[in-house]
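Chemist:
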Amino acid sequence: MASFETIQHSHPLLGTLHGRELSNGVVQFRGIPFARIPERFRQSILADELSLEEKDCTEYSFVCPQQAEEHGAFGGKLPDDVDYRHDELRCLTLTVSAPKRALLVSSENDNIPVMVYVHGGGFARGANVGGVNDSARIVALARDEGTPVIVVNIQYDRQTSLEFFDSDFNLDLIDDAEKHAEPPCNFGLFDQRMGFRWVKKYISGFGGNAAQITAFGESAGSSSLTYHMCSDEPLFNRAILQSGFPSTISAGQSLSAKDAQYIKLLEFCGIDPNDPARLSKLRYDVAAEKLIDAITALNPFAFTPLDHKTFFPEMPNLANEGKILAKCDWVDSVIIGDAFYEGFIFAHALKLVPCQLFVAYMHEHFGDDTAIQVLEAYGIQPKMDENLFWNRLTYLVGDAMFSMPCHLIADTIARESSKKVFRHNVMLRNPFLGSPLYQVQGHHFVELAYVFMTFLERFPTELDCDTSKEFARRWIAFSYQKEPWGEYGDRGSIAIVDSHSGWRITE
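First residue of the sequence shown: 0, per numbering that gives the first Met the number 0; consecutive thereafter.
So, in structure tokens, the structure goes:
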């Protein structure tokens, strides 16, 4: 566990806060509430005041009730990992990591860029309570190299485990929202919006520049950022999008498409779907743990947002998402990337797919010409070795869900907007012995072991450590409106990150 001393900071709006001064000179304010949830299935409200207890920001606070977090992918827990404490109404918190000098700034003209991280987890689990996503080392490196930044980790954890499943509640939640004069559903996305609103309002009191915000996220966090870019409220100036896009999750569903899910949820929780008080019972009588069980049993796949004008002027999908993102005039530049073998995470689910059935499906749904081209590109034939088919199917699915939208979005934004676009691809092998993903090249989320430099003591090679630091340097440079590498544009520059060479730029 990292050593620390308690430090007091007089925030001009929030009052005196108590934070941690870490051994590397970074100051962290942990578990700051940015919004209040009045009750289950309600929109959150910006937290404008903190209680005396909440001004003690030396420890992490609660996370949303969820399934237990697994640590095996990166070789086990880190020394600074903490056990989750669950509370569905008090989980909307954030952590501010800042260089000590930033807290002493007397003029807003001297305020420094801000980076805001939105975590992933498949909209089913995840938190920002230290461990892998701890931002202290990014802040320390930026300070030491003369480009200081403040990093904010937003915890939006009303995910599939609770409120992200909300959009299945059909007209009950629409009526309930109207009664409270609130927008319906999409609670987690609105929670994230509250987090960014909090940053814009209060970050100057920590020495941050609210007009220079770079948002970054991976997987569900990246998808979330693209959803916000498809909405209508300016929240950040630049975005780093890692393996997550609107069409990765799938298109938003209409109310009619969600009826059956809502009925199944009620029945699972022992509530009569015809009971007029069904929403009230679901809100007050069902334990959070029961809802988690319901999600696990009924909704094993990723959250899909509700297609509703209160958040989406136009609902993004594979056909239009690039054009919508290109029109987002409050974001001036993006880093956008994917991993080499995104589909490996679906290997278990795809193992039992019969080859001949899949080939027939392709012909039926995409037509003979397209099916033949795609199947030939991946070397898939109606009769082939089952294990080889399984391998090639995982590549195809990963490319379809992540790499194809990544490529199309990058091309469209570069072609149809004035935004600067920087493209990258992650081909790093998982270096951690004992991980079920050990030596898998470019699996989904592998870059998380590198971005925050939290595994420097665990990496087996100096190249891994250098690659990790280079991730942070390039992300920091981007927050300063510098080019992390050559623009994608007409030159088609792509940054490749692999375990053989580290970072290299291709033309």
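The beta-carbon is built from N, C-alpha and C at its ideal position, and this holds for glycine as well.
Check Q260 in the structure and name its three-state DSSP category.
Modeler: Helix.
Chemist: Evaluate contact between the segment 97-115 and the segment 134-152, counting only Cβ atoms and requiring at least three cross-stretch pairs below 8 angstroms.
Modeler: Yes, they touch.
Chemist: Within a Cβ cutoff of 6 angstroms, which residues of the same chain sit near A209, ignoring the five residues on either side of it in sequence?
Modeler: Answer for A209: K199, I202, S203, listed in chain order.
Chemist: Any heavy atom of the ligand SAH inside 8 angstroms of the beta-carbon of L13?
Modeler: What this structure holds is no ligand at all, so the ligand SAH is not there to describe.
Chemist: Tell me, please, which residues DSSP counts as bridged to Q27.
Modeler: R19, S96, per the DSSP bridge assignment.
Chemist: Taking 9 angstroms as the threshold (C-beta atoms), are H443 and Y340 in contact?
Modeler: A contact, by the Cβ cut-off of 9 angstroms.
Chemist: Given a cut-off of 9 angstroms, decide if Y83 and V128 are closer than it, judged by their beta-carbon atoms.
Modeler: Taking 9 angstroms as the Cβ cut-off, V128 and Y83 qualify as a contacting pair.
Chemist: Counting pairs of beta carbons, one from the segment 232-250 and one from the segment 451-470, are three or more of them closer than 8 angstroms?
Modeler: The answer is no - the segment 451-470 does not touch the segment 232-250, with fewer than three Cβ pairs under 8 angstroms.
Chemist: According to the Cβ coordinates, are L317 and L407 closer than 9 angstroms?
Modeler: Yes, the pair counts as a contact, with Cβ atoms nearer than the cut-off.
Chemist: If you check the beta carbons only, do R19 and C56 fall under 9 angstroms apart?
Modeler: Cβ atoms of R19 and C56: closer than 9 angstroms.
Chemist: What does the Cβ neighbour count give for W329, buried or exposed, with the cut at 16 atoms within 10 Å?
Modeler: Flag for W329 reads exposed.
Chemist: Between P11, L281, Y479, E415, which has its C-alpha nearest T146's C-alpha?
Modeler: Out of P11, L281, Y479, E415, Y479 has the C-alpha closest to the C-alpha of T146.
Chemist: Tell me which same chain residues have a C-beta within less than 8 angstroms of the C-beta of A296, skipping the five on either side of it?
Modeler: If we look at A296 and ignore the five residues flanking it on each side, its Cβ neighbours are F267.
Chemist: Taking the alpha carbon of M212 as the point to measure from, which residue in R196, S223, L462, A219 has its own alpha carbon closest?
Modeler: Looking at the sequence itself, residue 212 is Ile, so the reference to Met does not match. The candidate whose alpha carbon is nearest that of I212 is R196.
Chemist: By a C-beta neighbour count over all protein chains shown, 10 Å radius and 16 as the cutoff for buried, is I149 buried or exposed?
Modeler: Per the 10 Å Cβ criterion, buried.
Chemist: What does the Cβ neighbour count give for H243, buried or exposed, with the cut at 16 atoms within 10 Å?
Modeler: At residue 243 the sequence reads Gly, which differs from the His that was named. Burial call: buried.
Chemist: Take I291 as the anchor and find which of I493, Y59, L436, F122 has the nearest alpha-carbon.
Modeler: The shortest Cα separation from I291 among I493, Y59, L436, F122 belongs to F122.
Chemist: What residue from V26, I323, S223, V113 has the CA that sits closest to G207's CA?
Modeler: Selected option, being the one with the closest Cα: V113.
Chemist: According to DSSP, is W197 part of a helix, a strand, or is it coil?
Modeler: Note: W197 maps to helix in three-state DSSP.
Chemist: Looking only at C-alpha atoms, which of H10, S417, F451 sits nearest to V131?
Modeler: Cα-wise, what sits closest to V131 is F451.
Chemist: Which residues does DSSP list as the beta-bridge partners of I153?
Modeler: According to DSSP, I153 bridges with L93, V117.
Chemist: Rank L356, Q438, Y155, E52 by C-alpha distance to the C-alpha of S43 and give the top, closest one.
Modeler: With distances taken between Cα atoms, S43 lies closest to Y155.
Chemist: Helix, strand or coil, according to DSSP, for F3 in the structure here?
Modeler: DSSP places F3 in strand when its eight states are reduced to three.
Chemist: Closest to H423 by C-alpha separation, out of W474, D368, G187, H227, would be which residue?
Modeler: Checking every option, the nearest Cα to that of H423 belongs to W474.
Chemist: Just to confirm before moving on: does the CB-CB distance between S134 and G187 stay below 9 angstroms?
Modeler: Going by C-beta atoms, S134 is not nearer than 9 angstroms to G187.
Chemist: Measuring CA to CA, which of H85, R457, W484 is closest to L77?
Modeler: Out of H85, R457, W484, R457 has the C-alpha closest to the C-alpha of L77.
Chemist: Specify, as a first and last residue, the run of the alpha helix (DSSP H) that Q211 falls within.
Modeler: Not the alpha helix (DSSP H): Q211 falls in the beta strand (DSSP E), residues 207-217.
Chemist: Apply the 10 Å Cβ neighbour rule to P245 and answer buried if 16 or more other Cβ atoms are within range, or exposed otherwise.
Modeler: Buried.
Chemist: Which same chain residues end up closer than 8 angstroms to F189 when comparing Cβ atoms and leaving out the 5 residues on each side of it in sequence?
Modeler: Closer than 8 angstroms at Cβ, skipping near neighbours: Q42, S43, P182, F310.
Chemist: Determine whether the beta carbon atoms of C405 and P381 lie at a separation below 9 angstroms.
Modeler: No.
Chemist: So, is Q372 buried or exposed, given that buried needs 16 or more other C-beta atoms within 10 angstroms?
Modeler: When all chains shown are included, Q372 counts as exposed.
Chemist: Rounded to whole angstroms, what's the CA-CA distance from R39 to R29? Just pull it up for me.
Modeler: The straight-line gap from Cα to Cα measures roughly 24 angstroms.
Chemist: What first and last residue would you give for the beta strand (DSSP E) that runs through R503?
Modeler: 501-505 is the span of the beta strand (DSSP E), which, as asked, contains R503.
Chemist: Between which two residues does the beta strand (DSSP E) containing G424 stretch?
Modeler: According to the sequence displayed, residue 424 carries Asn and not Gly. N424 -> beta strand (DSSP E) spans 419-426.
Chemist: Taking the alpha carbon of A34 as the point to measure from, which residue in A214, E53, H179, V26 has its own alpha carbon closest?
Modeler: Minimum Cα distance to A34 is reached at E53.
Chemist: Using the DSSP secondary-structure output, state which residues sit across from I518 in a beta bridge.
Modeler: The first residue shown for the chain is 0 and the last is 506, placing residue 518 beyond what the model contains.
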